[in-house]
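Residue numbers (the numbering used here): 317 to 581.
Virtual Cβ for every residue (Gly too), placed ideally from N, Cα, C.
Working notes for the structure below.
Shown next, in the form of structure tokens:
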């Protein structure tokens, strides 16, 4: 009884863990505490049909793993739906996204649309290729970027010290931020290799099986974070793809500064 999930209200059917129709004898919280006491690890249920983000996606808030779950009658596969579900209740950690989920197809399409948009933009790919071959490796705008960051910090210190009015401080910040956003990102060594890999993944994406798409995601992104409550996604690319994403300004909202490790002020 101490190790049987049935008594906590769960059953396993066709390889899936589900809430049973029976009344639990003990609460799930108590059952989990017992598992900790007897030294039994609690593992996420393994899916027989892994999807593009299964085993990769984590909660954007608590950083906990998201589980892939399905709903619907197994007798009617075409009516079944897969979801990435937040697991803080089961894992016993605080999270405001508790008990929320995101339809798997919708979340995966967000990632796929980014990869496709970059890989199929032939004009942009050609421009990156030309710049990478023509320009010396490194950041030609490093000095200006450093000066702008310093100016912003000095303005912030002056405002905190009471030497600058809030309206003037906001005006300075807005002007500096606009210029920083307009400065091209540097093209480090290896950018052409990253571009070739990105194009390769993007142009065969729609013909890939789910497990192959998962490998494609692992190839491009170091981390995928989902806000299952508000249906938002954050992507952190691997270093060889980082500068490519920085060049695509329309993806800034999908790749926030804290994930891309941009300068903080």
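Start and end residues, beta strand (DSSP E) containing residue i
| i | result |
| --- | --- |
| residue 384 | 383-387 |
| residue 368 | Premise fails: residue 368 is in no beta strand (DSSP E) and is neither H nor E. |
| residue 392 | No beta strand (DSSP E) holds residue 392; DSSP gives it neither H nor E. |
| residue 522 | Per DSSP, residue 522 belongs to no beta strand (DSSP E) and is neither H nor E. |
Minimum C-alpha distance to residue i - residue among the options
| i | options | result |
| --- | --- | --- |
| residue 418 | 460, 545, 556 | 545 |
| residue 492 | 460, 480, 558 | 460 |
| residue 386 | 394, 557, 437, 399 | 399 |
| residue 413 | 429, 438, 522, 380 | 380 |
| residue 494 | 422, 424, 468 | 468 |
| residue 433 | 444, 519, 528, 553 | 519 |
| residue 514 | 484, 477, 437, 402 | 437 |
| residue 512 | 557, 393, 439 | 557 |
| residue 382 | 393, 390, 555, 401 | 401 |
| residue 563 | 554, 393, 440 | 440 |
| residue 424 | 447, 373, 462 | 373 |
Close-in-space but distant-in-sequence residues of the same chain around residue i (CB under 6 Å, 5 per side omitted)
| i | result |
| --- | --- |
| residue 488 | 471 |
| residue 378 | 404, 409, 411 |
| residue 571 | The predicted model places residue 571 with a pLDDT of 42, which falls under 50 and marks its position as unreliable; any figure quoted below should be read in that light. Excluding residues within five positions, the ones whose Cβ falls inside 6 Å are 551, 561. |
| residue 444 | 511 |
| residue 426 | 549 |
Cβ neighbours of residue i in the same chain (closer than 8 Å, five flanking residues each side left out)
| i | result |
| --- | --- |
| residue 517 | 431, 435, 532, 535, 536 |
| residue 526 | 365, 366, 367, 368 |
| residue 388 | 395, 396, 397 |
| residue 422 | 547 |
| residue 482 | 475 |
| residue 524 | 532 |
Span of the alpha helix (DSSP H), counted from its first residue to its last, around residue i
| i | result |
| --- | --- |
| residue 464 | 458-476 |
| residue 405 | 404-407 |
| residue 558 | 555-563 |
For residue i, the three-state DSSP class (helix, strand or coil)
| i | result |
| --- | --- |
| residue 479 | coil |
| residue 531 | helix |
| residue 412 | coil |
| residue 358 | Confidence in residue 358 is poor, its pLDDT being 47 and thus under 50, which makes the residue's placement unreliable; the coordinate value appears in the next sentence. Reduced to three states, the DSSP call for residue 358 is coil. |
| residue 571 | A caution first: residue 571 carries a pLDDT of 42, below 50, which makes its placement in the model unreliable, though a value can still be read off. Coil. |
| residue 437 | coil |
| residue 497 | helix |
| residue 376 | coil |
| residue 398 | strand |
| residue 547 | coil |
Whole-angstrom C-beta distance between residue j and residue i, which should lie under 8 Å
| i | j | result |
| --- | --- | --- |
| residue 560 | residue 510 | 6 Å |
| residue 551 | residue 375 | Contact doesn't hold; Cβ gap of about 15 Å is too wide. |
| residue 539 | residue 367 | Contact flag wrong, Cβ pair sits at about 17 Å. |
| residue 420 | residue 384 | 7 Å |
| residue 499 | residue 457 | 5 Å |
| residue 521 | residue 428 | 6 Å |
| residue 496 | residue 464 | 6 Å |
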